[in-house]
Structures are given as structure tokens and as C-alpha cells.
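Below is one structure, written out as C-alpha cells; the observations come after it.
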Amino acid sequence: MASFADRLEGFPRWVTEEYWVGTRRSALTAWAHPGALRQAVRDARGLLPQVGQMTGAPVADLRRWLRDLRRHRLSAEIRRRCAPASGMGSPHAELLYLFVRALRPAVVVETGVELGVSSAYLLQALADSGRGELWSIDLPTLGPGGRVNQDGKLDRSHVESVEMVGQAVPERLRGRWHLSLGDARDLLPTLSAPEPWDVFFHDSEHSRAHMLWEYGLAWPHLRPGGLLLSDDVPNNDAFLTFSRSVGQTPFLWLRRGALRKPVPGPAAP
Ligand SMILES: C[S@@+](CC[C@H](N)C(=O)[O-])C[C@H]1O[C@@H](n2cnc3c(N)ncnc32)[C@H](O)[C@@H]1O
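Residue numbers (my numbering): 21 to 289.
Here it is, written out as C-alpha cells:
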């Protein structure tokens, strides 16, 4: 029988994440900020309809796919494999999973793997769709010092050793995975993934120049109707600037963004 938590379908976690992104405060402070809590509930309720609008998938299907995902207990499996990865993941990762389920892509490309939480969710979606492969690129940052990016900002994400890159990804999902270690600036332009790409996910260096460079490189590889997804969109104006440059309205969710490449209409007579 489904537990009470299962019946809530993870929704409280989405609300607490929205609350944190909106206020930078723990959900324990929500009693003192009822307006911010109401806003977080509204935002969390809007997530599935917006994914549906962007992908054309009915919300009922998105709910069903979320139930599939939660039945796998992937976040618990990730925690067992890789303790430092605990606390990462849903609902950011759950929406990645839903985008991929909705598109049923053949080719997904991601930059920025670290422990492999996003890779695990992308691969789980490919496995559940029964098709597609993931090409991932990561330049590991070794040791707890993090790395200063081209904007002079410190990115704290790191691994203790090269072997830890992607450690969170269960063996059962690795058959569809091509992982390359190195700088995206060198590896992305010569990636051996077949054309066209269906989904591109940026989560490597979050400097403005690098984000714009990755978006600009990926966009021509994407098929019409393909998706460009990005983490850490609020870090700077790169995602909004790129969206404007391609004439598309982005869907912004939590700290992430999604852009759908337009499908050309029939030529005018
Ligand atoms: C935020 S973490 C990725 C987290 C992962 N996507 C997840 O959700 O679990 C960013 C990763 O990108 C790597 N990185 C930074 N600059 C890079 C570059 N130029 N090329 C490839 N990877 C890079 C970092 O070392 C780090 O492993």
C-alpha cells in the first residue's frame, strides 16, 4: 500500500526547494514567511504544467512517469553508492528526467558530471524510454578548494579523485553512457555523438563567456524541437541573452532553464 509520503508524490520537496530558491532560507523558517511559502506552493504546482507546455506531454503522463521514477528509488540508490551525493538531486533532477521521458531522445549530451547525479537521472529516463544514449563531458575539479571560473567566481563542486567522477551512476544504467574526461572547450566541438542532438544539458563552468560559448556551440547541433537545458541560470545573464538571440522564450524553473528549438513552419507559397 502507498505510504502517506508516496501519496504526496514528493510535492513537499518541490515546495521546500522553491522556498529555498526564492528566499535562501530553510523551510523551517516558513512559519515566519507565509507569503513566501504560498508563492513556493504556487511555483511548485506550476512546474508540471510548464514542462507539459514545453514538451507537448500531457500532465497525466508526466505524473505517471514521476511515479515510475520514484518506484526506482534512484535517489536512495545514489546515496548508497556515493554518500557525498546525498542531498543533491530532486526536484532539479526529477524535472531533467521528465524532459527526457517526454522527448524520448536518441542523443543526449551533457557537460559537467561531478559525482554523476544528473547523469544518473538522464540515464534512468533513457532506460525507462527504452531508447537513447548519453554523452557526458567532465573536467574534474580535484580536492575541496573548488575552481575559480572566468568571471572570478568560486565554484565549489569537486571530487576527491578522478575515479569519483560519475560514481553515483548505478552499473545497471551505464550501458547507454559515454563519459569523456577533459575540458568541454576541447571535447565538445569534436564529440563523437551522432547528429542531430535531441537534448543538450549545460552544467560545467558557469561563467558568462563559457555558458554563451556552450549554448552557441550546441544550438546548431540540436534538431528542430530539441531541447537546450541549463543549470545555474541566475548566475549571470548568459541564458536570457542567448534565448533572446535565438528569438525563444525560455522556461525558467528553480535554478535551471529550458529552451526548445523551433520547428520550422511550412514554407510560404
Ligand atoms: C556543478 S558540477 C556538475 C554537477 C552534475 N551535473 C550534477 O547535477 O550532479 C560541475 C562540473 O563541471 C566540471 N567543469 C568545470 N569546468 C569545466 C569545463 N570547462 N569542461 C568540463 N567540465 C567542467 C567541474 O569540475 C564539475 O565536475
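Here a beta-carbon is modelled for each residue, glycine too, at the ideal position from N, C-alpha and C.
Pull up the CB-CB distance for residue i and residue j, whole angstroms please, since I reckon it's below 8 Å.
i, j, result
"leucine 237", "leucine 208", "6 Å"
"glutamate 130", "leucine 146", "That belief does not hold up - the Cβ atoms of glutamate 130 and leucine 146 are roughly 12 Å apart, past 8 Å."
"arginine 101", "alanine 188", "6 Å"
"glutamate 37", "leucine 274", "6 Å"
"proline 282", "proline 244", "7 Å"
"leucine 154", "valine 128", "5 Å"
Going by DSSP, what residue range makes up the beta strand (DSSP E) through residue i?
i, result
"valine 128", "127 to 131"
"aspartate 218", "217 to 222"
"alanine 278", "276 to 280"
"glutamate 153", "153 to 158"
"arginine 243", "242 to 250"
"serine 16", "The shown model of the chain, from 21 to 289, leaves out residue 16, and the question about it has no answer."
"histidine 92", "Element bounds for histidine 92: not the beta strand (DSSP E) but the alpha helix (DSSP H), 79 to 92."
Does the beta-carbon distance from residue i to residue j come in below 8 Å?
i, j, result
"proline 254", "serine 263", "no"
"aspartate 175", "arginine 228", "no"
"leucine 242", "tryptophan 217", "yes"
"glycine 136", "glycine 55", "no"
"histidine 178", "glycine 195", "no"
"alanine 293", "phenylalanine 31", "Nothing can be reported for residue 293, as the shown portion of the chain is limited to 21 through 289."
"leucine 86", "valine 219", "no"
"isoleucine 157", "alanine 105", "no"
"aspartate 223", "glycine 76", "no"
"asparagine 169", "glutamate 234", "no"
"serine 138", "leucine 116", "yes"
"serine 212", "methionine 231", "no"
"arginine 276", "leucine 247", "no"
Is it buried or exposed for residue i, if we count other Cβ within 10 angstroms and need 16 for buried?
i, result
"tryptophan 34", "buried"
"proline 125", "buried"
"leucine 68", "buried"
"phenylalanine 24", "Residue placement at phenylalanine 24 is flagged as unreliable, the pLDDT there being 48, under the threshold of 50; a coordinate-derived value is accordingly withheld."
"serine 95", "buried"
"serine 110", "buried"
"alanine 22", "Reliability of the predicted coordinates at alanine 22 is poor, the pLDDT of 46 falling under 50, and no value is obtained from them."
"glutamine 73", "exposed"
"glycine 166", "exposed"
"valine 79", "exposed"
"alanine 52", "exposed"
"alanine 60", "buried"
Where do the N-terminal and C-terminal ends of the alpha helix (DSSP H) with residue i fall, by residue?
i, result
"tryptophan 40", "31 to 43"
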